[in-house]
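Numbering (the numbering used here), first residue to last: -19 to 579. Ideal placement from N, C-alpha and C gives every residue a C-beta, glycine not left out.
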């Protein structure tokens, strides 16, 4: 019941008269009045919905034997009684699942008026408790790591990857990321998240640690003298590259020092393949296989199988059949493979393994959100992420864990680097967040989700920078809570895909759903084709809106058998959905065998 203005005036008048009578009373009466026990003051916490904000609603728990504990009418009558006693608006709203009553105090409440109502309920012997209906907010906390403010790549609104908002949902717990790189040099801001790895360098001239393959992935340094790695190549100090990459992914966070890792709840398995002057394909192939749970002759079974592999490395030329075989094997075992696009300012089609199939190829952006001047580009780039550009200031680079030694390990420190090597661990970290948030996700679904939820580059890109700038919070939100409710609609009618011809469409009628489609709608596709790079594939919603699943690319592999993730939350679920497929070049044909939608 809302107390009328007239009743309020009457209650105020009674209060004024009572005060006047008390003032005029004999001294003995006044003394007796003062000696009576005063009601305990209502704590401030019981008048606030949030710090500094006055509560507008209260939750009242009645004792089990009270009529108000079971009867809404009784609770409503009690609220009216409290209103009459206090002169405040007190309205019974509804019964909570626990049996408590929710009462509304209106929008014009003050701390004093809330305290009056709370005091009335507290004085009622039938009331077990009364508390404010507090307003809860997301619990994201700015990390207390001392250099976090320098990590623009995580949080800046212009070109950061929107990582902090993802931490409310997941921090990467339960996921191991294999960093296939130079190994690991001890660093206290990483140590808590390091698990067992392996040294796969078989050539002692490259390993410079005195032996070949072994279970110790420690980085002894990769320095070299002038001309030692090729005529005209100048001398270089040790890079501690793998440690820098690992820190971006999973540096310890909220530990009062250093930096924050993107997936700081994940574990890092350092897998050493790069030493003096680089590393061989043969070692990298075995490392990919072992890290993803495959068997490598002469190497013990991996007890820290990675669901994400980071390869911030590369060389020139086409993807070799041998390397592709290792990558395909890893993906088939359920491991996402994230690869740097390369730093040659050229088309990524000339950089391996970034040009291999089934990898997530990552280009680098600068602090303005434009393609970094050194970054490779092209249609084979899947996504862009902050890689930094330090031409004008080291503050525009990517800060991470490092070592001060110029040749061999010395004291730990931090430094800013730039490169697609720095962009790649941002996406590997995001893949770990996604896998942790939804363990059922396949590598194809993780790649699709990252691309579908990217935002447009805030700057410029010439040549092709993939789906845009990776957005951690948006992507995590899209996949959390499961990929589907298990309801699948499918089409098993085969449709021929003509060579370099008009697009074909295959319909699926969706019925019995309510509301909109999910933010992680699964689109399973099975297409036989002898050159899948020719294919453009779109999902067409019932209202005609289209969602690009695959663009044409220089991809000579056969067939498309994968599942795409589409944020279709703006589309009505029921209706006729279509898969549109077009062959855009000559000499190859195919068949759409079947496809399905899983809600």
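Please return the same chain residues whose Cβ sits closer than 6 Å to the Cβ of residue i, not counting the five positions on each side in sequence.
i, result
"residue 174", "248"
"residue 128", "240"
"residue 576", "468, 470, 504"
"residue 517", "529, 530, 561"
"residue 246", "152, 155, 157, 230, 412"
"residue 325", "354"
Thinking residue i and residue j are a contact (beta carbons under 8 Å), I'd like their distance in whole angstroms, please.
i, j, result
"residue 613", "residue 321", "The structure shown has nothing for residue 613, since the chain only spans -19 to 579."
"residue 163", "residue 250", "5 Å"
"residue 400", "residue 355", "6 Å"
"residue 68", "residue 96", "6 Å"
"residue 588", "residue 375", "One cannot answer for residue 588 here, as it falls past the ends of the chain, which runs -19 to 579."
"residue 295", "residue 364", "Their Cβ separation, rounded to whole angstroms, is 21 Å, which puts residue 295 and residue 364 out of contact at 8 Å."
"residue 424", "residue 526", "About 20 Å; that fails the 8 Å criterion."
"residue 310", "residue 332", "That pair is no contact at about 16 Å."
Can you find a heavy atom of the ligand COA that lies under 6 Å from the Cβ of residue i?
i, result
"residue 513", "Ligands are entirely absent from the displayed structure, and the ligand COA is therefore not among its contents."
Check this for me: beta carbons of residue i and residue j, under 7 Å apart or not?
i, j, result
"residue 45", "residue 80", "no"
"residue 580", "residue 284", "In the structure displayed, the chain extends from -19 to 579; residue 580 sits before or after that span and is not available."
"residue 170", "residue 231", "yes"
"residue 267", "residue 160", "yes"
"residue 83", "residue 98", "no"
"residue 472", "residue 574", "yes"
"residue 414", "residue 434", "no"
"residue 439", "residue 348", "yes"
"residue 477", "residue 486", "no"
"residue 234", "residue 144", "no"
"residue 318", "residue 404", "yes"
"residue 303", "residue 261", "yes"
"residue 255", "residue 187", "yes"
"residue 224", "residue 397", "yes"
"residue 499", "residue 556", "no"
"residue 306", "residue 265", "yes"
"residue 545", "residue 432", "yes"
"residue 130", "residue 100", "no"
"residue 345", "residue 366", "yes"
"residue 328", "residue 360", "yes"
"residue 276", "residue 269", "yes"
"residue 388", "residue 192", "no"
Run through DSSP, which three-state label would residue i get?
i, result
"residue 24", "helix"
"residue 327", "strand"
"residue 512", "helix"
"residue 423", "helix"
"residue 417", "helix"
"residue 504", "strand"
"residue 332", "strand"
"residue 139", "coil"
"residue 431", "helix"
"residue 557", "strand"
"residue 478", "coil"
"residue 91", "helix"
"residue 293", "coil"
"residue 272", "coil"
"residue 188", "coil"
"residue 133", "helix"
"residue 401", "helix"
"residue 220", "coil"
"residue 164", "strand"
"residue 227", "helix"
"residue 562", "strand"
"residue 19", "Note that residue 19 has pLDDT 48, beneath the 50 cutoff, so the model's placement of it is unreliable and the number below is only indicative. Residue 19 falls in the coil class under three-state DSSP."
Within 10 angstroms of its Cβ, does residue i collect 16 or more other Cβ (buried), or is it exposed?
i, result
"residue 282", "buried"
"residue 4", "Only weak support is given to the placement of residue 4: the predicted model assigns it a pLDDT of 32, under 50, and the question is left unresolved by the model."
"residue 208", "exposed"
"residue 76", "exposed"
"residue 109", "exposed"
"residue 242", "buried"
"residue 212", "exposed"
"residue 315", "buried"
"residue 252", "buried"
"residue 383", "buried"
Kindly list the residues whose CB is nearer than 8 Å to the CB of residue i, restricted to its own chain and excluding five residues on each side of it in sequence; keep chain order.
i, result
"residue 538", "508, 509, 510, 511, 512"
"residue 126", "236, 237, 238"
"residue 547", "432, 433, 458, 499, 500, 501"
Looking only at its chain, what residues have a beta carbon closer than 7 Å to the beta carbon of residue i, apart from the 5 residues adjacent to it on each side?
i, result
"residue 481", "563"
"residue 568", "479, 509, 510, 511, 514"
"residue 87", "36"
"residue 216", "203, 204"
"residue 579", "464, 465, 467, 493, 497, 498, 501, 553"
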